[in-house]
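Residue numbers (our numbering): 23 to 346. Worksheet: the structure to be examined is printed underneath.
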Amino acid sequence: MHERVQRAAGAAARVDGVVRMHGGASSLTYAAQLALSDQTSTPVVVKIAPPGLPPTRNRDVLRQGRVMRALESSPVPTPAVLFEDAGTPPDEPPVLVVTKESGECIEPLTHGAADDVPSQRIVRQRTLAAIELLAQMHEFPWKRSALGSEPVQTLAAEVNRWRALFATAPPDLAHGSVEVADRLLDQMPADIEPTLVHGDFRLGNMLCEGGRVTALLDWETWTIGDPRIDLGWLLMSSDASQQPHSVREDVGMPSRTEMLRHYAACGGGVTDHAGWFVALSQFKAAAMTALILKHDRRKVERDPFVAWWDPQIPLDFLKLAQDL
């Protein structure tokens with residue numbers, strides 16, 4: 023892997039100290055040092071698609087680089103793309119190298135170590151800053167950017183995407199999924215003007231310093247679609263009562279009403295049908311956790327962080343989604 027990154031960097035730089043980073047289900051992520059010809063060194067992050075698998079959808083690290091490049095001159099802070107190498111997949115997967123930005127990455131409601139969770143004042147500031155960032159991202163003129171040829175994902179396609187994933191899950195993790203999908207489709211609001219959608223917009227995918235967001239990370243699931251998809255995901259992720267894997271409750275998050283008002287005040291668009299989009303987020307979270315558990319069950323040594331979900335967390339997400 024080190025040779026791949028060095029080849030992508032070229033002769034003008036040397037890659038040192040490559041260390042695997044925790045997390046990242048779709049691609050492999052490493053921290054490294056990039057030594058430049060002027061004798062300076064800078065920390066970088068290396069993302070590489072899993073070897074042996076086609077680099078499609080969430081595994082397509084070059085697609086992640088494309089959206090980050092498109093956002094370079096926008097108010098949306100992302101890591102800067104330094105270089106990339108397409109490889110010869112699936113045997114030699116693509117590589118993407120980006121700058122390592124400053125800040126800490128903590129999801130307040132689900133982060134394991136309570137001592138790491140910031141004060142309620144800081145959590146509140148970060149959440150409001152994230153909402154402001156969300157409104158800015160949804161204003162990005164994607165049609166006039168390098169993303170202009172990207173197909174639009176309809177709400178029906180979004181529901182059916184996760185419905186199809188449930189069809190591959192073990193039956194004990196998918197009980198009730200068909201009924202939830204049917205209800206979502208029956209009560210689905212009309213699509214509105216599409217925007218850039220991050221797809222996993224929450225504090226756990228941001229770097230923060232104090233109450234400020236320094237970078238928006240993890241662009242594996244970005245699409246062009248209904249902006250309320252991001253809004254619903256953030257609302258769910260900010261409310262312990264709406265996600266069963268929360269390990270604490272009172273962390274300083276604003277209420278749903280305040281978050282929606284702040285989004286509108288920051289120039290965000292339509293916020294109606296918020297309950298439906300939270301239910302869609304829970305359906306999506308149920309499908310994602312079911313898929314993660316399916317793969318974890320196959321391991322000789324299971325991941326303790328994931329194993330405690332089995333089998334209740336996907337089912338609890340589905341129960342919450344039934345109340346849309």
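The beta-carbon is built from N, C-alpha and C at its ideal position, and this holds for glycine as well. Small disclaimer: the values here were computed from a predicted structure and weren't measured.
- Report the residue ranges of all alpha helix (DSSP H) runs contained in full by the region 234 to 312; include only those spanning at least 4 residues, in chain order. 250 to 259 and 278 to 287
- Would you call the region 123 to 140 and the region 188 to 205 touching, i.e. three or more CB-CB distances under 8 Å? no
- What are the start and end residues of the beta strand (DSSP E) that includes residue 106? The residue labelled residue 106 in the question sits at position 84 within the sequence shown. Here the beta strand (DSSP E) through residue 106 covers 103 to 107.
- Message: Give me the residue from 160, 39, 164 and 308 with the minimum Cα distance to residue 252.
- Response: Counted from its first residue, the sequence shown places residue 252 at position 230. It is 160 whose Cα lies nearest to the Cα of residue 252.
- From which residue to which residue does the beta strand (DSSP E) around residue 217 run? Here residue 217 refers to the residue found at position 195 of the sequence shown. Judged by DSSP secondary structure, residue 217 falls within the beta strand (DSSP E) whose first and last residues are 217 to 219.
- Item | Simplified DSSP assignment, three categories, for residue 336 | Counted from its first residue, the sequence shown places residue 336 at position 314. DSSP, reduced to helix, strand and coil, places residue 336 within a helical segment of the structure shown.
- Item | Cβ shell of residue 229 (< 6 Å), same chain only, five flanking positions each side left out | As a working mapping, residue 229 is identified with position 207 in the sequence shown. Within the same chain, residue 229 has close Cβ partners 123, 125, 127, 236 and 237.
- What's the call for residue 260, buried or exposed, on a 16-neighbour Cβ count within 10 Å? If you number the sequence shown from 1, residue 260 lands on position 238. Label assigned to residue 260: buried.
- Pull up the CB-CB distance for residue 49 and residue 72, whole angstroms please, since I reckon it's below 8 Å. Position 27 of the sequence shown, counted from the first residue, corresponds to residue 49. Position 50 of the sequence shown, counted from the first residue, corresponds to residue 72. Their Cβ separation, rounded to whole angstroms, is 7 Å, which keeps residue 49 and residue 72 in contact under 8 Å.
- Between residue 174 and residue 59, what straight-line distance do the alpha-carbon atoms span, to the nearest angstrom? Counting from 1 along the sequence shown, the entry for residue 174 is found at position 152. Counting from 1 along the sequence shown, the entry for residue 59 is found at position 37. Near 43 Å, if we compare the C-alpha coordinates of residue 59 and residue 174.
- Query: For residue 75, which residues from the same chain have a beta carbon less than 7 Å from its beta carbon, with the 5 sequence-adjacent residues on both sides left out?
  - Reply: One-based indexing of the sequence shown puts residue 75 at position 53. Cβ within range, chain order: 81 and 112.
- Query: To the nearest angstrom, how far is it from the Cα of residue 136 to the Cα of residue 270?
  - Reply: Reading the sequence shown from its first residue, position 114 is the one you call residue 136. Reading the sequence shown from its first residue, position 248 is the one you call residue 270. Roughly 9 Å separates the two Cα atoms.
- Task: Determine, using beta carbons only, whether residue 105 and residue 178 come nearer to each other than 8 Å.
- Result: Here residue 105 refers to the residue found at position 83 of the sequence shown. Here residue 178 refers to the residue found at position 156 of the sequence shown. Result no, Cβ atoms of residue 105 and residue 178 do not sit closer than 8 Å.
- Query: Under the three-state reduction of DSSP, which class applies to residue 193: helix, strand or coil?
  - Reply: As a first step, residue 193 must be located in the sequence shown, where it is residue number 171. Three-state result, residue 193: helix.
- Could you check what DSSP says for residue 39 in three-state terms: helix, strand or coil? As a first step, residue 39 must be located in the sequence shown, where it is residue number 17. It is a strand residue.
- Task: Figure out for me which residue from 158, 234 and 258 has the closest Cα to the Cα of residue 151.
- Result: Counting from 1 along the sequence shown, the entry for residue 151 is found at position 129. Of the candidates 158, 234 and 258, the one whose C-alpha sits nearest the C-alpha of residue 151 is 234.
- Going straight from the alpha carbon of residue 264 to that of residue 256, what length do you get? In the sequence shown, counting from the first residue as 1, residue 264 sits at position 242. In the sequence shown, counting from the first residue as 1, residue 256 sits at position 234. Using only the alpha carbons, I get a separation of about 11 Å.
- Could you check the C-alpha separation between residue 51 and residue 44 for me, to the nearest Å? The residue you call residue 51 lines up with position 29 of the sequence shown. The residue you call residue 44 lines up with position 22 of the sequence shown. Straight-line Cα distance between these residues: approximately 8 Å.
- Return the CA-CA distance between residue 77 and residue 92, expressed in angstroms with no decimal places. The residue labelled residue 77 in the question sits at position 55 within the sequence shown. The residue labelled residue 92 in the question sits at position 70 within the sequence shown. Approximately 20 Å, taken between the alpha carbons.
- CB-CB under 6 Å to residue 145, same chain, minus the five flanking residues each way: which ones, in chain order? Taking the first residue of the sequence shown as 1, we reach residue 145 at position 123. Counting only Cβ-Cβ distances below 6 Å, and skipping sequence neighbours, we find 130, 273 and 274.
- Query: Got a sec? Which residues, its chain only, sit under 8 Å from residue 55 by beta carbon, not counting five neighbours each side?
  - Reply: Taking the first residue of the sequence shown as 1, we reach residue 55 at position 33. Only 37, 38, 39, 63, 64, 65 and 66 meet the Cβ criterion.
- Starting from the C-beta of residue 21, find all residues in its chain whose C-beta is less than 7 Å away, skip the five residues before and the five after it, and write them out in chain order. Here the chain comprises residues numbered 23 to 346, so residue 21 is not present and cannot be evaluated.
- How would you label residue 118, buried or exposed, when you count the other beta carbons within 10 angstroms and need 16 or more for buried? On the sequence shown, residue 118 is found 96 positions in, with the first residue counted as 1. It counts as buried.
- Message: Using DSSP's beta-bridge definition, name the partner residues of residue 352.
- Response: For the chain, the structure presents residues 23 to 346; residue 352 sits outside this window and is missing.
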